[in-house]
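Throughout, our numbering is defined as the position within the sequence shown, counted from one, plus 99.
Just so you know, even glycine gets a beta-carbon here, dropped at the ideal spot from N, CA and C.
Here is the structure we will look at.
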Amino acid sequence: MSKDFYTSSILPFSAIIIKICRAYTNSQEDFEDYYQEVCLQVWRSRKSFREESKWSTWIYRVSLNVCLTLLKKKKNSEVHLAADYTLMDISEENPAFADEALNQLYKAIRQLSEVDRAVILLYLEEKTYQDIADIIGTNTNNIGVRIKRIKERLKKLLNGKVN
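Structure follows, in structure tokens:
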């Protein structure tokens, strides 16, 4: 991957890539692997971008697809001995993992379904319902209902009222 491509086409969107990767990983190591894989897949598939949507929308889709694919591969290859995941090996030196309130929010987000995670991350990124619907592949009415339900679920998770 060329440094110019990374600087001009990936780096401006690194914040959302980080958010998506963080929502689908449980450790610093996995986070770094997912982030690296997303960047690699964006670079590999850059020529397939048909400009039917904004570049940022395409980056979201690639990021989500990569994270979901890696998550499924991981689920299929692991024997789950514990149902609960916790953030492990998180370095306090990394500012993305230093805020405890933010860590609690991501922990709650990781308890959502894969699609709901994507929806709430896009919502938190202040994407319009139409943009979210385009990225997820549904309609705006569905997105509105999902967001309302997701907010209610997150409130309960953050208040400790749901396991």
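> Taking the runs of the alpha helix (DSSP H) that are 4 residues or longer, which of them lie wholly in the stretch 153 to 178?
Replying inline: Secondary structure within the stretch 153 to 178: the alpha helix (DSSP H) runs of 4 or more consecutive residues, fully enclosed, are 154 to 176 (chain order).
> So, helix, strand or coil for S212, using DSSP?
Replying inline: Per DSSP, reduced to three states, the secondary structure at S212 is coil, with no helix or strand assignment.
>> Please tell me whether D215 and T156 are closer than 9 Å, where the distance is taken between their beta carbons.
In response: In this structure, D215 keeps its C-beta atom at 9 Å or more from the C-beta atom of T156.
>> When you compare the stretch 109 to 117 with the stretch 145 to 164, are there three or more beta-carbon pairs, one atom per stretch, that lie closer than 8 Å?
In response: Contact between the stretch 109 to 117 and the stretch 145 to 164 is present, because at least three Cβ pairs lie under 8 Å.
> Among C166, A217 and I231, which has the Cα closest to the Cα of S152?
Replying inline: It is I231 whose Cα lies nearest to the Cα of S152.
>> Using DSSP's beta-bridge definition, name the partner residues of S144.
In response: Per DSSP, none; premise fails for S144.
> Taking the runs of the alpha helix (DSSP H) that are 4 residues or longer, which of them lie wholly in the stretch 214 to 258?
Replying inline: The qualifying runs are 228 to 235 and 239 to 257.
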